Each structure stands twice: as structure tokens, then as C-alpha cells.
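In the UniProt record's numbering, the protein residues as written are 1 to 458.
Given below as C-alpha cells:
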């Protein structure tokens with residue numbers, strides 16, 4: 001794969017990449033799964049056009065000089081993304097259009113190249129936020145502004161809010177099979193969970209939720225749909241800081257959803273049969289054998305090992321970068337906001353089963369939610385002094401209440417259909433935790449808005 005990576009970078013990047021030998025590049029796999037294979041590729045230290053020219057032919061030198069003058073300078077390190085088997089042509093095209101436009105608008109990593117079967121992206125030397133950092137006022141305001149900028153986009157893709165319903169509909173078709181195939185082949189602990197989950201008619205809950213949402217005129221905008229801490233990179237700490245250390249961490253690559261989403265950011269490596277994977281649609285073949293036990297580092301980022309921002313750091317000139325736009329779609333605005341608030345309560349860093357903490361007491365307070373909403377609306381209105389009316393705040397709070405239900409039910413279904421994944425995560429526990437919260441939030445919603453919403457079919 002090193003040879004393939006060197007060849008792709010040579011063909012699609014300029015400058016020193018045309019002259020560096022494959023054995024000299026820095027190369028490591030970041031993650032691999034059904035959705036994507038990610039590789040970090042870098043020029044060797046001290047390598048530039050001057051010290052490489054003597055090793056290449058005269059023709060290459062002429063070509064190098066001509067091409068290099070047209071650019072500001074080649075990137076020294078990149079992220080090489082090879083599409084996996086779960087990418088259909090339609091989904092891949094949509095994802096590529098979205099990624100390209102967001103790159104041009106500086107809302108995501110830069111796009112350095114597109115080739116048949118993958119792309120070359122900017123490598124960002126940063127680390128994801130930690131769950132506890134989402135609540136820091138300075139960080140939260142930056143996230144609100146980023147979300148507003150995403151929601152303000154007008155992209156040339158379908159603007160119907162079908163993503164959520166199609167995903168849940170697809171999972172519901174598989175859930176009965178999951179229940180049948182696991183009831184005799186799981187631990188007593190999981191059997192008890194399955195028994196409790198099956199007390200709820202999941203199909204009817206989705207039907208009821210859809211009737212509630214479609215009976216209202218909730219805004220539909222271009223949404224990220226997964227704005228959790230693992231998809232928000234933080235820059236601004238000095239690279240010389242000894243805390244900047246790559247570590248074994250949790251990948252955000254998986255093929256459970258049509259577009260490759262994963263919730264537990266844990267080692268998610270799929271073992272492929274010994275054989276050749278056609279990387280470039282027949283142009284290049286390379287044997288990709290992925291070993292589940294091999295070291296994995298964070299997709300799209302070097303991480304700071306165990307470091308959380310100090311209180312006096314949050315107001316520093318820290319830059320937040322949103323990543324993993326491959327799940328974007330036009331969706332209800334309330335889902336993006338509510339889902340982000342729910343993520344304040346879920347920490348996926350536990351080293352013990354079920355490998356997550358769900359602390360409902362960490363849900364943002366009324367003031368934290370209002371501060372977020374005000375900053376969001378000020379960014380939407382492009383006015384630092386905009387003061388939203390109480391009616392505006394009430395409308396968004398109703399959206400949050402409604403789509404908090406949607407977030408819990410959505411990820412409960414997702415967890416159920418993923419219980420057969422080989423990665424180490426308590427899928428059944430996660431599904432039950434989210435389903436219980438859905439039922440709690442449903443009662444709250446009916447109590448608050450029952451005069452305006454369809455009655456509970458039960």
C-alpha cells in the first residue's frame with residue numbers, strides 16, 4: 001500500500017511529491033473499515049525540491065519546475081482516503097460534492113485531490129474535544145457559531161428531510177432478524193436487555209414520532225447530523241507541548257449506516273480476506289489485509305493523550321474544526337441542536353464494559369441552552385447584537401424537546417442493528433439506555449405540548 005500511496009500523491013500533488021521515493025515517505029494506516037480506509041502520508045523530514053532534484057531525471061526536473069511555479073507550495077502531510085465497499089455511486093457523489101463545497105468555504109478540511117476510488121485531504125494536527133469540554137462556555141459558543149454556519153449553507157443536494165426516516169426504516173426491517181438470531185446466543189445480561197426492549201413496539205414509536213414531527217412546520221436545513229465531541233477538532237495548543245502525543249484511540253469509521261457512521265469511537269477494524277482490493281477501479285490493485293489487533297490512531301487528527309482544556313485555556317485563540325461531514329443531509333434543524341445537547345451526557349471513553357458513560361445530569365442547563373441558542377441565532381442573523389424574541393426561543397426549545405426524542409430513538413435503533421459488530425462495545429446496553437431516555441422524553445413532550453400534537457396512540 002505504501003507504493004500505491006506514493007504513486008497517488010505523486011500524480012495528484014505537486015512539488016516534492018513527484019520526486020520522493022516510496023520507501024522514504026512517512027506512512028501509516030489511521031483506520032480501516034467497511035466505509036473507508038484512511039492513511040497518513042508525509043514527506044520525510046527535511047525533504048524538499050532542492051535536495052531531491054539530483055536524484056531524478058532531466059525530464060522530471062523540467063516538469064517539476066513548470067508545475068511547482070503554479071502553486072503556493074505542496075502540502076507536507078496529507079490524509080489519503082480510499083473508499084470502501086459500502087460506498088454506492090450515488091452516496092459517493094453526494095459526499096464528494098458536499099466535501100468539496102465545504103472545503104472551498106473553509107468549513108472543513110481542504111481537498112487536495114480527487115482520484116477514482118478516493119481522495120486526498122488535508123491532514124489536521126489537532127485532537128477531538130472531550131465530552132466535558134462541550135460544556136465550557138467559550139467552546140460551546142464556538143460550536144453554536146459553527147453549527148449556524150453549516151445550517152446557513154445552500155447545497156445542490158436533495159432538500160427533503162428523508163435521511164432520518166430512511167435510516168430508521170432500514171434498521172426496523174433488520175431488527176426482527178437481530179432479535180431472533182441473538183435470543184439463544186447471548187449472555188443472560190443481554191437476554192434481560194432484549195426482553196425489556198421488546199416490550200416497546202419500535203415500529204409504532206417511529207410511526208408516532210413521524211406523525212408528531214410532520215404535523216408541525218419544523219425548519220429543514222443542511223445539517224451535520226453528528227455534531228459530537230469526536231467530530232470537533234481543537235487547534236491552538238503549541239505543537240511543542242509535550243502533551244501532544246499520538247495514542248491508540250477510537251476510530252470514527254464504520255459501515256453500519258449507509259454512509260458509514262459509527263457511534264462508539266472504538267477500534268473498528270474489519271478483517272478482509274487475503275486478496276487484492278481494486279483501489280482505483282481497475283487502475284491499481286493492492287493487497288489490503290487489515291489486522292484487527294493493529295494500532296489505530298485517531299481519524300483526521302493527532303490526539304493529545306488524556307488532556308482536557310484548563311479553564312484558562314478555553315478563551316485562548318483555539319480554533320475548532322468540524323469533521324466527518326459524510327453524514328450530512330438536509331434534516332430538521334432541531335435534530336442537529338438536540339442531538340448535540342444529548343452528546344453532552346454521553347462519554348465513550350470508558351475502558352470497562354459497556355465502554356460508555358451516560359450521565360443525564362450533564363445535560364445542559366436552561367441557561368447553557370439559551371446561551372447556545374442566542375449565539376446560534378446571532379450567527380444566523382450575522383449580528384453580534386441580535387436579541388431573539390421569547391417566541392423564537394420558545395419555538396427552538398420546542399424543537400429541542402421534540403428532537404431529543406428523535407435522537408434517542410434513532411441511536412437506539414442504530415445500536416440494535418449493530419450488536420453483531422466485532423468491535424468491543426456494549427451495543428445492547430447502549431440501545432436500552434437510549435430507549436429508556438426516549439420514553440422519558442416522550443412523556444415530557446406529551447405533557448408540555450399535548451394540546452398541539454397528536455395523542456399517544458397507546
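We treat Cβ as the ideally placed atom computed from N, Cα and C, and that holds for glycine.
Please read these numbers as outputs of a predicted model, since none were measured by experiment.
Opening and closing residue of the alpha helix (DSSP H) in which residue i lies
i           : result
residue 419 : Note, residue 419: premise wrong, no alpha helix (DSSP H); not H, not E.
residue 202 : 202–214
residue 180 : 163–182
residue 4   : 2–12
residue 448 : 427–449
residue 376 : 366–381
residue 191 : 188–197
According to DSSP, residues forming a beta bridge with residue i
i           : result
residue 329 : 223
residue 234 : 127 and 320
residue 358 : 346
residue 397 : Answer is none; residue 397 lacks a bridge partner.
residue 38  : 31 and 81
residue 114 : 119
Burial state of residue i, where buried means 16 or more other Cβ atoms lie within 10 Å
i           : result
residue 353 : exposed
residue 385 : exposed
residue 105 : exposed
residue 219 : exposed
residue 366 : exposed
residue 373 : buried
residue 19  : buried
residue 379 : buried
residue 435 : buried
residue 5   : buried
residue 285 : Note on residue 285: pLDDT 35, under 50, position unreliable in the model; no value is reported.
residue 14  : buried
residue 364 : buried
residue 433 : buried
residue 326 : buried
residue 128 : buried
residue 312 : Because the pLDDT of residue 312 is 48, which lies under 50, any placement of that residue in the model is unreliable, and the number read from its coordinates should be weighed accordingly. Exposed, since its Cβ has fewer than 16 Cβ neighbours within 10 Å.
residue 336 : buried
residue 207 : exposed
residue 114 : exposed
residue 462 : The first residue shown for the chain is 1 and the last is 458, placing residue 462 beyond what the model contains.
residue 118 : buried
residue 198 : exposed
residue 152 : exposed
residue 417 : buried
residue 387 : exposed
residue 468 : Because the chain spans 1 through 458 in this model, residue 468 falls outside it and cannot be assessed.
Residue range of the beta strand (DSSP E) that includes residue i
i           : result
residue 153 : Neither: residue 153 is in no beta strand (DSSP E) and is coded neither H nor E.
residue 23  : Note, residue 23: premise wrong, no beta strand (DSSP E); not H, not E.
residue 121 : 118–122
residue 81  : 77–83
residue 46  : Run containing residue 46: none; DSSP gives neither H nor E here.
residue 108 : Element bounds for residue 108: n/a, residue is neither H nor E.
Whole-angstrom C-beta distance between residue j and residue i, which should lie under 8 Å
i           : j           : result
residue 36  : residue 82  : 7 Å
residue 180 : residue 123 : The pair is not a contact, with the Cβ atoms about 44 Å apart (cut-off 8 Å).
residue 74  : residue 16  : 6 Å
residue 437 : residue 360 : 7 Å
residue 343 : residue 229 : 7 Å
residue 39  : residue 120 : That pair is no contact at about 10 Å.
residue 233 : residue 126 : 4 Å
residue 235 : residue 318 : 7 Å
Short CB-CB distance (under 8 Å) between residue i and chain E
i           : result
residue 366 : The question asks about chain E, but that chain is absent: this structure has only one protein chain.
**Asked** For the stretch 172–182 against the stretch 391–405, are there 3 or more C-beta pairs whose distance is under 8 Å?
**Response** no
**Asked** Per the contact definition of three or more C-beta pairs closer than 8 Å, is the stretch 120–138 in contact with the stretch 184–197?
**Response** no
**Message:** With three or more beta-carbon pairs closer than 8 Å as the criterion, would you say the stretch 216–231 touches the stretch 150–162?
**Reply:** yes
**contact_flag[the stretch 342–356, the stretch 417–437] where n(CB pairs < 8 Å) is 3 or more** = Touching, yes, given that three or more Cβ pairs across the two stretches are closer than 8 Å.
**Prompt:** Is it true that the stretch 91–103 meets the stretch 9–27, where meeting means three or more beta-carbon pairs spaced less than 8 Å apart?
**Reply:** no
**Asked** Is the stretch 408–420 in contact with the stretch 201–213, if contact means three or more CB pairs nearer than 8 Å?
**Response** yes
**Request:** Say whether the stretch 321–331 touches the stretch 108–118, bearing in mind that this needs 3 or more beta-carbon pairs closer than 8 Å, one atom from each stretch.
**Result:** yes
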